[in-house]
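According to this note's numbering, the sequence shown holds residues 35 to 269 in order.
Note that the Cβ used here is the ideal one computed from N, Cα and C, for glycine as well.
These notes are about the structure you will find just below.
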Amino acid sequence: MKPEGGEKCIASGRYCSPSPFYGCGNETEGKYFKSCYFGRGAIQISYNYNYGQFGEWLKTQNISADLITHPNLVLTKRDPPLALLASLWFYMSPQPPKPAMHDIILDMPKRFDQIPQNVSWEPDWSTTWRDDNPCQCAPATYAGLIPYYQPGFYPPHFVNLNEENRQKCEQMLREEKYAKLFGLLDRSTTGCLNFTENKKEENLKNKFNIQLGTNTSTNLMKEDNVEKILDLSGL
Numbered sequence: 035m036k037p038e039g040g041e042k043c044i045a046s047g048r049y050c051s052p053s054p055f056y057g058c059g060n061e062t063e064g065k066y067f068k069s070c071y072f073g074r075g076a077i078q079i080s081y082n083y084n085y086g087q088f089g090e091w092l093k094t095q096n097i098s099a100d101l102i103t104h105p106n107l108v109l110t111k112r113d114p115p116l117a118l119l120a121s122l123w124f125y126m127s128p129q130p131p132k133p134a135m136h137d138i139i140l141d142m143p144k145r146f147d148q149i150p151q152n153v154s155w156e157p158d159w160s161t162t163w164r165d166d167n168p169c170q171c172a173p174a175t176y177a178g179l180i181p182y183y184q185p186g187f188y189p190p191h192f193v194n195l196n197e198e199n200r201q202k203c204e205q206m207l208r209e210e211k212y213a214k215l216f217g218l219l220d221r222s223t224t225g226c227l228n229f230t231e232n233k234k235e236e237n238l239k240n241k242f243n244i245q246l247g248t249n250t251s252t253n254l255m256k257e258d259n260v261e262k263i264l265d266l267s268g269l
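Written out as structure tokens, the structure is:
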């Protein structure tokens, strides 16, 4: 089959699993879909989320290719050759808790099975009940939507993505349609969902007033002490 033959597929060949980050192209031609995410490349990538992640990596290399809409570019784009790059990317990239194939071959760091490894960013359940702060994220030991790369276990250039992924997690929690994907459903028990910019300003004002009151009390105490010292000294 020629590379161009991968432009269309029937529904069972789409390999589409929509997620908040990576949708699927839905354009059709008769009974055929035009965006099909079956395996392509020497080490095949499949499913829309792998095409989406590979496309994001290409952007970091200043290579433009909309692989969600046109996944067959993996076969047809030859400058640079995306089929080769897709295979190398899939070989080199971990997807927690799964390590990269490359790291396994190079005898990656071992960990004790009894010691849990953090693998995703999730809501910080210790603070979600509070309404005085926005919803925050923390590393978790179970797989989720946004990966966390455990320092000392994954290569440094992946560990460096953790802060960006944390911010992405917290941005999602601010949008109700995405917060539900993390299990944050009930505003009556999940106070952080009720946090707004107005609430933030109110908290800052209260904090300032408390601090101002404390400083005023401290100054009065200092003035009282000065008066007592003056009385004792006979001045």
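With distance defined between alpha-carbon atoms, name the residue in the options nearest to residue i.
i, options, result
"Gly64", "Leu107, Tyr183, Cys43", "Cys43"
"Cys58", "Leu122, Asp220, Ala76, Tyr85", "Tyr85"
"Leu28", "Pro54, Gly40, Gly47", "Residue 28 lies beyond the stretch modelled for the chain, which goes from 35 to 269, so this question has no answer here."
"Cys226", "Ser160, Thr103, Trp155", "Ser160"
"Tyr83", "Ser98, Gly217, Ile102", "Ile102"
"Pro181", "Gln95, Pro130, Met126, Glu38", "Pro130"
"Glu38", "Trp155, Lys202, His104", "His104"
Which of the three DSSP states, helix, strand or coil, is assigned to residue i?
i, result
"Trp163", "coil"
"Ser46", "helix"
"Phe187", "coil"
"Gln129", "strand"
"Cys203", "helix"
"Cys171", "strand"
"Glu61", "coil"
"Tyr212", "helix"
"Phe72", "coil"
"Pro52", "coil"
"Phe67", "strand"
"Pro181", "strand"
"Phe192", "helix"
"Gly217", "coil"
"Leu227", "helix"
"Pro37", "helix"
The ligand GDP heavy atoms versus the CB of residue i: any closer than 7 angstroms?
i, result
"Asn228", "Inclusion of the ligand GDP in the displayed structure is not the case, the ligand content being empty and no account of it being possible."
In the DSSP assignment, find the unbroken alpha helix (DSSP H) run with residue i in it and report its ends.
i, result
"Ser121", "116–126"
"Glu320", "Given that the chain is displayed from residue 35 to residue 269, the structure contains no residue 320 and the question cannot be resolved."
"Asp113", "Here Asp113 belongs to no alpha helix (DSSP H), and DSSP marks it neither H nor E."
"Asp137", "135–139"
Tell me where the beta strand (DSSP E) around residue i begins and ends.
i, result
"Ala177", "Ala177 -> no beta strand (DSSP E), and no H or E assigned at all."
If you count every other CB in all the chains shown that lies within 10 Å of the CB of residue i, and 16 or more means buried, which is it?
i, result
"Arg112", "exposed"
"Arg221", "exposed"
"Ile79", "buried"
"Thr224", "buried"
"Asn194", "exposed"
"Ser154", "buried"
Could you check whether the Cβ of residue i sits closer than 8 angstroms to any Cβ belonging to chain B?
i, result
"Gln201", "Protein chain content of the structure displayed is limited to a single chain, and chain B is not contained in it."
| message | Runs of 4 residues minimum, wholly inside the stretch 77–105: which ones carry the alpha helix (DSSP H) assignment? | response | 82–94
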